[in-house]
Amino acid sequence: MRRKIIGLTALISLAGSPAGADARVATVTGIDCTEYCAEKAVEKCDDVTSTWCNAYIVGCLAGCGISHL
């Protein structure tokens, strides 16, 4: 169980970093983060239900949350 959590955390950090940067740009320009992350996920993911795509979306939304601080 612990390995799965560590693996998932690593995956999110790797997949979500660029998305988080994009989300911060979206926040600065006044675009709604939820819509922006959804549009980016559709552009970048072949299968929206894949683990990589979910990690991308989580990273993007985390970037939105960080930019609001």
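Terminal number for the sequence shown in the numbering used here: 71, no gaps in between. Every residue, glycine too, gets a C-beta built ideally from N, C-alpha and C.
Buried versus exposed, by CB contacts within 10 Å (16 or more), residue i
| i | result |
| --- | --- |
| GLY65 | buried |
| GLY32 | exposed |
Host alpha helix (DSSP H) of residue i (start-end)
| i | result |
| --- | --- |
| THR36 | 35-46 |
Check: residue i C-beta below 6 Å from any heavy atom of the ligand SAM
| i | result |
| --- | --- |
| ASP49 | Of the ligands one can find in the structure shown there are none, so the ligand SAM has no counterpart to examine. |
Distance, residue j Cα to residue i Cα
| i | j | result |
| --- | --- | --- |
| THR36 | TRP54 | 18 Å |
| ALA40 | LYS6 | 26 Å |
| ASP48 | LEU63 | 19 Å |
| TYR58 | ASP34 | 17 Å |
| VAL50 | VAL60 | 12 Å |
| VAL30 | SER52 | 29 Å |
| ASN56 | VAL44 | 11 Å |
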